[in-house]
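The structure appears right after this line, and notes come after that.
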Amino acid sequence: MTTTPLSPADDLRGLCGGRVHLPGDPGYDAARTPWNLAVDQRPAAVAVPHSAEEVAEVVRAAAAAGLRVAPQSSGHGAGPLGERGLEDVVLVRLNELTGVTVDPGARVARVLGGTLWQEVIDASAPHGLTALHGSSPDVAVAGYVLGGGLSFYGRRHGLATNSLRAVELVTADGALVRASADENAELFWAVRGGSGNFGVAVAFEVELLPYAEVYAGMLLWDRERAPAVVRAWAAWTADLPESVTTSLRVMSFPPLPDLPPFLSGRRIVVIDGAVLEDDDRAAELLAPLRALEPEMDTFARIPSAGLVHVHMDPPAPVPAVADHAVLAALPEEAVAAYLAEVGPGSDTSLLFAELRHLGGALGRPAENGGVASHLEGGYALFCCAMAPFPAAAAQGRADALAACAALAPWTTGTRVTNFTETVADVSSMYGDRWERLRAVKAAVDPAGRFVGHHPVG
Ligand SMILES: Cc1cc2nc3c(=O)[nH]c(=O)nc-3n(C[C@H](O)[C@H](O)[C@H](O)COP(=O)(O)OP(=O)(O)OC[C@H]3O[C@@H](n4cnc5c(N)ncnc54)[C@H](O)[C@@H]3O)c2cc1C
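Per the numbering used here, residue 1 is the first one in the sequence shown, and the count goes up by one each step.
This is how it looks when you write it as structure tokens:
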């Protein structure tokens with residue numbers, strides 16, 4: 001009789017109330033599957049803790065077994081992690097360690113490690129509050145906020161990572177550590193942008209925003225109108241108050257019965273976002289875009305809880321590939337290059353080529369901010385394709401790379417960490433803060449126990 005030799009990860013069996021899954025176990029495939037279904041991550045084990053204590057047990061057991069640890073919440077940002085060898089890595093999925101408690105007086109939410117933004121929005125709305133969430137309800141607070149966090153409130157209120165008052169982490173020795181401006185301040189600096197390289201975040205204290213309602217929505221045209229619309233948006237965004245944060249996308253949808261008719265089988269151009277002004281001023285600001293007579297115009301005053309749905313992000317996991325760049329500006333030549341890639345006549349495979357307007361508070365270093373407290377540049381370009389099978393992934397990746405390459409003359413060389421799928425040199429994301437970040441890593445995780453999706457050291 002032959003027996004299969006035990007792997008080091010077998011030592012973790014029985015932890016987390018039995019929610020540790022090894023290759024070959026019945027629960028392994030479901031537990032290792034991230035939100036981005038194009039990513040085939042195959043770690044040594046997947047642990048699904050329900051408490052900070054269970055996280056600490058897993059980290060200690062992984063260390064004793066000579067394994068590394070990668071925190072993951074929703075798996076929206078799984079792309080870069082999946083590209084790395086995970087044979088010696090325990091994936092700690094935080095998706096069952098969730099919950100939100102709002103202190104309305106202090107305007108702060110305590111958010112557990114794997115909580116999705118939708119839950120924070122739902123808990124805050126009854127108090128007339130909201131948060132610096134992004135465009136998607138099922139992105140987790142953790143990866144988003146530890147990677148920066150671009151919100152439609154962003155040009156007025158800055159990156160979401162600056163709204164963190166404290167982070168509670170399980171560090172490499174299995175200790176539960178609180179990092180804030182007053183405690184473990186250097187770790188607090190590093191984790192706000194350095195993401196999962198320093199420990200498993202099991203709770204956050206997040207400042208909330210006092211918006212019960214917001215003027216928000218989207219404008220939609222057929223792609224044939226893209227030359228006029230993109231030019232108008234480029235000119236419009238060049239001279240806007242910080243109260244306005246929008247995105248422009250050229251989008252291409254396959255004919256699918258699940259899609260609403262205004263999207264199914266269509267190529268369109270969409271502008272959406274938020275205007276933090278009263279109705280009259282918002283209408284005045286939007287007038288140059290409305291003059292282009294969109295076929296749909298949903299901009300109106302809505303409950304702030306509705307803002308997370310205006311971008312129409314996919315409501316469930318999908319397979320996707322993407323590439324990204326930051327542009328300094330959008331002069332006529334850049335607009336022409338963008339239109340040549342995805343405008344009328346192009347047969348691009350991209351689901352969308354998005355330009356997010358940066359600047360305002362997003363562009364200013366925050367007082368007492370972390371390693372990624374602001375973004376240099378005028379626009380974030382994010383090009384994304386669906387990748388349901390390998391040939392589609394290859395074509396989509398090629399088109400995403402080509403679109404970003406076409407805009408290369410206007411790129412800054414900087415990056416939005418949250419939008420970065422592949423980067424050969426992680427240090428390029430941190431500029432002159434790289435050595436300080438590595439020093440914190442060496443101090444808090446000298447054995448390199450934690451594997452972030454963009455590894456530091
Ligand atoms: C549809 C869609 C919409 C998006 N919209 C926006 C947007 O509007 N603005 C924006 O800024 N970004 C946006 N993003 C990017 C998104 O913020 C990143 O992909 C982010 O990494 C997702 O965080 P997550 O925790 O959900 O993902 P995960 O893949 O679970 O995490 C990504 C990384 O974050 C770290 N991490 C996650 N959880 C923990 C934890 N508990 N402790 C320590 N480290 C952890 C790890 O390094 C992990 O590899 C969007 C992405 C998608 C797919």
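C-beta atoms are modelled at their ideal positions from N, C-alpha and C, and glycine is treated no differently.
Closest residue to residue i among the options (Cα-Cα distance)
i      : options                           : result
Glu53  : Val92, Glu87, Gly82 and Gly75     : Val92
Leu209 : Leu285, Ala109, Ala447 and Ala334 : Ala109
Arg223 : Val69, Asn95 and Val342           : Val342
Ser51  : Asn95, Arg13 and Ala63            : Asn95
Ala282 : Asp347, Ala353, Ser243 and Val177 : Ser243
Val444 : Arg433, Gly457, Asp432 and His453 : Gly457
Glu284 : Ala300, Gln118 and Val20          : Ala300
Leu351 : Gly147, Val310, Asn184 and Val270 : Val270
Pro137 : Asp297, Val46, Ala340 and Asp122  : Asp122
Leu289 : Gly217, Glu332 and Gly306         : Gly217
Asp279 : Phe262, Ile302 and Pro126         : Ile302
Asp29  : Arg42, Trp35, Ala172 and Arg19    : Arg42
Ile481 : Glu277, Gly113, Leu248 and Ala131 : Outside the displayed range of the chain (1 to 457) lies residue 481, so it cannot be described from this structure.
Val452 : Gly143, Thr115 and Arg225         : According to the sequence displayed, residue 452 carries Gly and not Val. Of Gly143, Thr115 and Arg225, the residue nearest in Cα terms is Gly143.
Ala400 : Trp410, Pro126 and Cys384         : Cys384
Gly196 : Val214, Gly148 and Thr237         : Gly148
Ala380 : Thr33, Val416 and Pro261          : Val416
Gly306 : Leu339, Leu129 and Arg438         : Leu129
Arg156 : Ala403, Ala78 and Arg364          : Arg364
Gly77  : Ala325, Arg449 and Trp35          : Trp35
Leu176 : Pro409, Glu332, Phe204 and Val214 : Phe204
Arg433 : Gly413, Val46, Phe382 and Ala372  : Ala372
Ala387 : Leu6, Ala9 and Leu37              : Leu37
Ser7   : Arg32, Ala65 and Gly27            : Ala65
Thr422 : Val275, Cys16, Val170 and Gly82   : Gly82
Ala361 : Leu97, Gly158 and Leu86           : Gly158
Pro260 : Phe152, Ala47, Ala131 and Met312  : Met312
Ala393 : Gly79, Pro26 and Arg68            : Gly79
Asp425 : His454, Pro317, Asp239 and Val120 : His454
Ser163 : Val59, Arg107 and Glu213          : Arg107
Helix, strand or coil at residue i according to DSSP, with G and I counted as helix
i      : result
Ser180 : strand
Ser74  : coil
Phe198 : coil
His324 : strand
Glu213 : strand
His374 : coil
Ser247 : strand
Ser7   : coil
Phe188 : helix
Tyr379 : strand
Arg449 : coil
Pro288 : helix
Leu256 : coil
Val139 : coil
His133 : coil
Ala400 : helix
Thr101 : strand
Trp35  : coil
Met218 : strand
Cβ-Cβ separation, residue j to residue i (assumed contact under 8 Å), whole Å
i      : j      : result
Ala234 : Ala337 : Actually they do not touch by this definition, with Cβ atoms about 12 Å apart.
Ala44  : Asp11  : With 8 Å as the limit, Ala44 and Asp11 do not qualify as a contact, their Cβ atoms being about 11 Å apart.
Pro315 : Leu220 : In fact, because the Cβ distance is near 18 Å, the residues do not count as touching under 8 Å.
His357 : Thr245 : 6 Å
Ala181 : Asn418 : The pair is not a contact, with the Cβ atoms about 23 Å apart (cut-off 8 Å).
Ala125 : Glu168 : Going by Cβ atoms, the distance from Ala125 to Glu168 rounds to 25 Å, so no, they are not a contact pair.
Trp410 : Ala328 : 6 Å
Ala140 : Ser73  : 3 Å
Val206 : Ala131 : 6 Å
Cβ neighbour criterion (16 or more within 10 Å) applied to residue i
i      : result
Met251 : buried
Ala447 : exposed
Glu354 : buried
Phe389 : exposed
Ser428 : exposed
Ser264 : exposed
Arg84  : exposed
Leu150 : buried
Phe262 : exposed
Ala408 : exposed
Thr101 : exposed
Pro71  : buried
Ala334 : buried
Leu256 : exposed
Proximity test, Cβ basis, 7 Å: residue i and chain D
i      : result
Leu159 : Here chain D cannot be found, since the structure has a single protein chain.
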